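Taking it in order: structure first as structure tokens, then the write-up.
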Amino acid sequence: MIKKYKSEIISIQNPIEGVYTLEFNSLSGKFKYAPGQFLHLALDPDYDGVGQWPESRCFSVQSNPSDETIKITYSVKGTFTRQMAESLKPLSEVWLKLPYGDLFTQEHNFNDVVFIAGGTGVTPYLSLFCHQSFAAYQNPKLYLGVRNRDFHIYQHEIEKAKNVNPGFKDIVVYENESGILNIKNIALENGTSATYFISGPPVMIKNFKEYLIGKGVNSENVLTDDWE
11 MIKKYKSEII SIQNPIEGVY TLEFNSLSGK FKYAPGQFLH LALDPDYDGV
61 GQWPESRCFS VQSNPSDETI KITYSVKGTF TRQMAESLKP LSEVWLKLPY
111 GDLFTQEHNF NDVVFIAGGT GVTPYLSLFC HQSFAAYQNP KLYLGVRNRD
161 FHIYQHEIEK AKNVNPGFKD IVVYENESGI LNIKNIALEN GTSATYFISG
211 PPVMIKNFKE YLIGKGVNSE NVLTDDWE
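Letter by letter, the sequence shown follows residues 11 to 238 in the working numbering.
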């Protein structure tokens, strides 16, 4: 059930220029969501929680449902996210509306699963990887493409995922060293019977999905996080 949560920012991290990680505490009951879902964030300071929902933006939830707080990571790419970067401080209050999306609640095989992510597109995966339900996946793989080593800010969650699921393998591709993620190579390594999740820039999602289906992967086995 969709619910509005008046929330307080308890931490802001700015690990690299233009990228921010926010952590929220609910002021109106425990957050309820499933791994892989997303939220709407509204900045309007005058919103009372009852009237018409104000302007907002969608963000993937990075934390997992076992956490008391919610975490998101975003890149500054437009007016709304620029306003977030400039105006939000620790103890700032915002409104969150969630949950949305069915990325991992869709029917899919837990064997031979490949997760492909570009940049901050890895965040919805992290909400699964660090949750106890990830233990049910058999030898899952993550292919993560980032601009350079400074942009790989997810090591802590990935190491935690390996504790949840010892069979988990991550392959990180640094664009400045090895170029961008190569969907041809990923498909050759994993075959047409695997289930593929794709999350990242819209153009990457579109091109990778079309390639996999064109090579014989069943369209039902290509699941995307493309709510944008």
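By construction, the Cβ of each residue, glycine as well, lies at the ideal position given by its N, Cα and C atoms. Keep in mind it's a predicted model, so treat the numbers as computed, not measured.
- Here residue 48 is bridged, per DSSP, to 70, 110.
- In the three-state DSSP reduction, residue 227 falls in the coil class, being neither helix nor strand.
- Beta-bridge partners assigned by DSSP to residue 35: 18.
- Between residue 40 and residue 108, the alpha-carbon positions lie close to 12 Å from each other.
- Distances from the CA of residue 122 to each of 177, 136, 195 were compared; the closest alpha carbon is that of 177.
- Residue 18 places its beta carbon 8 Å or farther from that of residue 78.
- At a Cβ-Cβ threshold of 8 Å, residue 134 and residue 209 count as neighbours.
- Taking C-beta separations shorter than 8 Å and ignoring five residues to either side along the sequence, the partners of residue 29 in its chain run 83, 84, 85, 86, 130, 161, 163, following chain order.
- Contact between residue 185 and residue 157 is confirmed by a C-beta separation of about 5 Å, below the 8 Å threshold.
- Taking a C-beta distance under 8 Å as the contact criterion, residue 221 and residue 190 do not qualify as a contact pair.
- Proximity to residue 50 across 75, 90, 22 peaks at 90, based on C-alpha coordinates.
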